[in-house]
Every structure is written in structure tokens, then in C-alpha cells.
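Colleague:
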Amino acid sequence: MTTRVALVTGAAQGIGEAICLRLADEGIDIALLDIPSKQEQLATVADQIAAKGRKTIILPVDVTSEQEVKTSIAKTVEALGSLDIMVANAGIMGPISPMLEVSIEDFRRVQAVNVEGVFFCYKYAAQQMNQQGRGGRIIGAASVAAKRGAPRFTPYTASKFAVRGLTQVAAQEFAPHNITVNAYAPGMVMTSMSALPEDEKLGGHGQGIKKLLGLPADMVLGKPSEVAELVAFLIKPEAQYITGQSVSIDGGMNFD
Ligand SMILES: NC(=O)c1ccc[n+]([C@@H]2O[C@H](COP(=O)([O-])OP(=O)(O)OC[C@H]3O[C@@H](n4cnc5c(N)ncnc54)[C@H](O)[C@@H]3O)[C@@H](O)[C@H]2O)c1
1153 MTTRVALVTG AAQGIGEAIC LRLADEGIDI ALLDIPSKQE QLATVADQIA AKGRKTIILP
1213 VDVTSEQEVK TSIAKTVEAL GSLDIMVANA GIMGPISPML EVSIEDFRRV QAVNVEGVFF
1273 CYKYAAQQMN QQGRGGRIIG AASVAAKRGA PRFTPYTASK FAVRGLTQVA AQEFAPHNIT
1333 VNAYAPGMVM TSMSALPEDE KLGGHGQGIK KLLGLPADMV LGKPSEVAEL VAFLIKPEAQ
1393 YITGQSVSID GGMNFD
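For the sequence shown, our numbering gives the first residue as 1153, with consecutive numbering after it.
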């Protein structure tokens, strides 16, 4: 069987890193993309994947650049042979503040990474997969905030609703090419994104955001490896009938 190749954005840490390690266990070679300042972390992830016997390349790239995303896909194909799976995971939370205090600069920055970045990844991945003519899997990072607006998270909520919308459009348009498009919609996952400086005095990781959102202090957080497990399922042949979904993985914070 031909080795499949994935490109994962935001691969240096957190959920992206966990996805890379899990996909390597599935026998997949991986292009690891993150911003240039994360090169050292990317190298560490690459070493771990090499130890699992899989090939990698490192792409120090900002997903807000359309040209760089396009070039990254070309480099992936050149170095690893194809692009079969795109995981548009990179994202930022932006400022936590009431809508009345959100600046347009902050709003646009979050959309640039979380929406435009995902759009570029979906578009150019599908273009490459269409050329290869053997289908593919595209997966994006939505959020619990793609299902229900979270107060004080204006730019983030807007961006994640947009990812859910892009995922639905792409699923329908790319279906004739045998490409499925889905997103994961996590609640609060144990990564640097769910940590706030005030966590320590509130009792630990995630307590600051829980307090802001009125969530119970004893609510358990998800693990990056659990999101990675969902992605590992979505890329299996058996998941071919699942498309256009933003799959909640949130301990029951939302019900579709
Ligand atoms: N952690 C959570 O609770 C949670 C919940 C719901 C959704 N998510 C989503 O999951 C995804 C991964 O989040 P995480 O928790 O691992 O966060 P994280 O902050 O630990 O990791 C995000 C990674 O994305 C990279 N990145 C940011 N901007 C980039 C850009 N412009 N170009 C390339 N790479 C960029 C960062 O450098 C970082 O390595 C994000 O899209 C996030 O919104 C996370």
C-alpha cells in the first residue's frame, strides 16, 4: 500500500503535536508546519516521529501567507511524494475582553490565522488532492466556540463559526473528488491555549477560563491525545461516510 502523507499546521506543540505523533503510529509521513520561531520545537517533534520510523519535513511557515501555504504543499509533495491528509490545526485565541473593547486589529489578526489560514489550507490541499486523483482527508480545528458564542471571546468565536462554515462548504464541493472534510470541535483541552496567568492562584490549569465562562471548577479538561485519536479515526477508510461535520469533543459542554 502507498504510504500516505499528512501536512499538519501548528505542529510544534499542543493538539497539533499530538496529532502528528498519533498519525505517525498509523504509518503516515508528516510535514510539520508552524511559525518560524517554533523551529526548535518542530525539530523535537520531528525526532520523535523519526523514532517511530516515519519521514518528516519541517516547514517554518505562517499560515496567514497564501503563497507560503501554497509553497508548503508543493514542498511536501516534492519531499514526501504526495499530500493525502491536511490538518489545518493552527489557531490563536486572541484577546479575552468584552466586545465593546475589541479592536479591529485584534479582530482581524484572529481571522487571519484561524479563518484565512484554514481557507488557504483547505483550498490548496484540495487542489493538490484533485491532481493526484485518489481522494483525501481534510480536517480543520473548530471549537466548542463554533457551536455557541462564548462571551468575551468575540474574535475567536467568529473565527471558529467560520471554520465550521468552511468545513460544510468544502465537504460538499470536494465530495465528487472523494475528499472528506471535517473539523474537531474541542471544549477545553490541556494545552497552553487554555492556560491563563491567573490559573495558579485559582487552583490550576484552565481555572481562569472556566471562571470566565461560568463552568464548574471541577470540570475535567480534555487531553491533546484524545483529540488526536478522533483525527486518527477520521482519516481511516471506515470514516468515508463522515463529512461536513464539526465533531464535538467537549465532555458534554454542547449537544448538537
Ligand atoms: N486547547 C483548547 O482548549 C482548544 C479548544 C478548542 C479548539 N482548539 C483549537 O485547536 C487548535 C490547536 O490549539 P492548541 O490548544 O494546541 O494551541 P497551542 O497554542 O498550544 O498551539 C497552537 C499552535 O499553532 C501555531 N500557530 C499559531 N499561529 C500560527 C500561524 N499564523 N501559522 C502557523 N502556525 C501558527 C502556534 O505556534 C502553536 O504551535 C487551535 O486552532 C485551537 O483554536 C483548542
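Virtual Cβ for every residue (Gly too), placed ideally from N, Cα, C.
1) Counting only the same chain and skipping the five closest in sequence on each side, list residues whose C-beta sits under 8 angstroms from that of V1383.
2) For R1286, count neighbouring C-beta atoms within 10 Å of its own C-beta (all shown protein chains included) and say buried if the count is 16 or more, exposed if not.
3) Could you check whether L1211 and S1224 sit closer than 7 angstroms to each other, using their CB atoms as the reference points?
4) Just the C-alpha distance for M1340 and E1325, rounded to the nearest angstrom, thanks.
5) Roughly how many angstroms lie between the CA atoms of A1391 and L1235, to the nearest whole one?
6) Evaluate Q1397 with the Cβ neighbour count: other Cβ atoms within 10 Å of its Cβ, from every protein chain shown; 16 or more gives buried, anything less gives exposed.
7) Smallest Cα separation from I1401: which of P1338, T1208, P1188?
8) Pull up the distance between the alpha-carbon of V1157 and that of L1354, whole angstroms please.
9) Just to confirm, is the Cβ distance from V1215 to T1161 under 7 angstroms?
10) Determine the contact status of R1304 and I1387, defining contact as a CB-CB distance below 7 angstroms.
11) When burial is assigned at 16 or more other CB atoms within 10 Å of the CB, is D1186 buried or exposed?
12) Taking only three categories from DSSP, how would you classify R1260?
13) Cutting at 7 angstroms between CB atoms, please list the residues of its own chain near G1243, excluding the five before and the five after it.
14) For G1189, count the other beta carbons within 10 Å of its own beta carbon; 16 or more makes it buried, fewer makes it exposed. Which is it?
15) Ignoring anything shorter than 3 residues or poking outside the region 1180-1245, list the beta strand (DSSP E) runs there in chain order.
16) Is D1402 close to ligand 1? I mean its beta-carbon at under 6 angstroms from any heavy atom of the ligand.
17) What residue range does the alpha helix (DSSP H) around V1379 cover?
18) Count Cβ pairs between the region 1266-1276 and the region 1316-1332 that sit closer than 8 angstroms; are there 3 or more?
19) Using CA coordinates, which residue listed in K1312, E1352, E1350 is at the minimum distance from N1241?
20) Please report the distance separating the alpha-carbon of M1405 from that of L1367.
21) Is the closest heavy atom of ligand 1 to the C-beta of V1239 under 6 angstroms?
22) Determine whether the beta carbon atoms of D1181 and T1154 lie at a separation below 7 angstroms.
23) Compute the Euclidean distance between the alpha carbons of S1344 and G1403, then round it to the nearest angstrom.
24) Quick check: A1278 and I1331, are their CB atoms within less than 7 angstroms of each other?
25) Is the beta carbon of T1395 closer than 7 angstroms to that of A1298?
26) If we ignore side chains and look at the alpha-carbon of each, how far apart do Q1280 and E1220 end up?
Modeller: The short version:
1) On the sequence shown, residue 1383 is found 231 positions in, with the first residue counted as 1. Same-chain partners within the cutoff: I1171, R1174, L1175, V1239, I1291, Y1336.
2) Position 134 of the sequence shown holds residue 1286. Classification of R1286: exposed, given that the 10 Å Cβ count is below 16.
3) The residue given as residue 1224 occupies position 72 in the sequence shown. The residue given as residue 1211 occupies position 59 in the sequence shown. Result yes, Cβ atoms of S1224 and L1211 sit closer than 7 angstroms.
4) Numbered from its first residue, the sequence shown carries residue 1340 at position 188. Numbered from its first residue, the sequence shown carries residue 1325 at position 173. Using only the alpha carbons, I get a separation of about 31 angstroms.
5) Mapped onto the sequence shown, residue 1391 falls at position 239. Mapped onto the sequence shown, residue 1235 falls at position 83. A1391 and L1235: Cα-Cα distance of roughly 18 angstroms.
6) Looking up residue 1397 in the sequence shown gives position 245. Label assigned to Q1397: buried.
7) Mapped onto the sequence shown, residue 1401 falls at position 249. The shortest C-alpha separation from I1401 is found at P1338.
8) Counting from one through the sequence shown, the residue named residue 1157 turns up at place 5. Counting from one through the sequence shown, the residue named residue 1354 turns up at place 202. Looking at the two C-alpha atoms, the distance is approximately 43 angstroms.
9) Numbered from 1 along the sequence shown, position 63 holds the residue referred to as residue 1215. Numbered from 1 along the sequence shown, position 9 holds the residue referred to as residue 1161. The answer is yes: Cβ separation under 7 angstroms.
10) Position 152 of the sequence shown, counted from the first residue, corresponds to residue 1304. Position 235 of the sequence shown, counted from the first residue, corresponds to residue 1387. Contact flag unset, no.
11) Along the sequence shown, read from residue 1 onward, the residue named residue 1186 stands at position 34. So D1186 ends up on the buried side.
12) Along the sequence shown, read from residue 1 onward, the residue named residue 1260 stands at position 108. Note: R1260 maps to helix in three-state DSSP.
13) Residue numbering aside, residue 1243 sits at position 91 when the sequence shown is read from its first letter. Within the same chain, G1243 has close Cβ partners G1162, V1265, N1266, A1293.
14) For the purposes of this step, residue 1189 is taken as the residue at position 37 of the sequence shown. For clarity, residue 1189 is Ser in the given sequence; the question names Gly instead. When all chains shown are included, S1189 counts as exposed.
15) 1181-1186, 1208-1212, 1237-1240
16) Taking the first residue of the sequence shown as position 1, residue 1402 is located at position 250. Every heavy atom of ligand 1 is 6 angstroms or more from the Cβ of D1402, so no.
17) The sequence position of residue 1379 within the sequence shown is 227, counting from 1. Residues 1376-1386.
18) yes
19) Residue mapping note: residue 1241 aligns to position 89 of the sequence shown, counting from 1. Comparing Cα positions, the closest option is K1312.
20) Here residue 1405 refers to the residue found at position 253 when the sequence shown is read from its first residue. Here residue 1367 refers to the residue found at position 215 when the sequence shown is read from its first residue. M1405 and L1367: Cα-Cα distance of roughly 9 angstroms.
21) Here residue 1239 is taken as the residue at index 87 of the sequence shown, counted from 1. Not so, every heavy atom of ligand 1 lies at least 6 angstroms from the Cβ.
22) Position 29 of the sequence shown, counting from 1, holds the residue named residue 1181. Position 2 of the sequence shown, counting from 1, holds the residue named residue 1154. Not closer than 7 angstroms, so no.
23) Residue 1344 sits at position 192 when you count from the first residue of the sequence shown. Residue 1403 sits at position 251 when you count from the first residue of the sequence shown. Computed Cα separation, rounded: 19 angstroms.
24) For the purposes of this step, residue 1278 is taken as residue 126 along the sequence shown, with counting starting at 1. For the purposes of this step, residue 1331 is taken as residue 179 along the sequence shown, with counting starting at 1. Yes, they are a contact pair.
25) Counting from one through the sequence shown, the residue named residue 1298 turns up at place 146. Counting from one through the sequence shown, the residue named residue 1395 turns up at place 243. Not in contact: A1298 and T1395 (Cβ atoms no closer than 7 angstroms).
26) The residue you call residue 1280 lines up with position 128 of the sequence shown. The residue you call residue 1220 lines up with position 68 of the sequence shown. Answer to the nearest angstrom: the Cα atoms are 15 angstroms apart.
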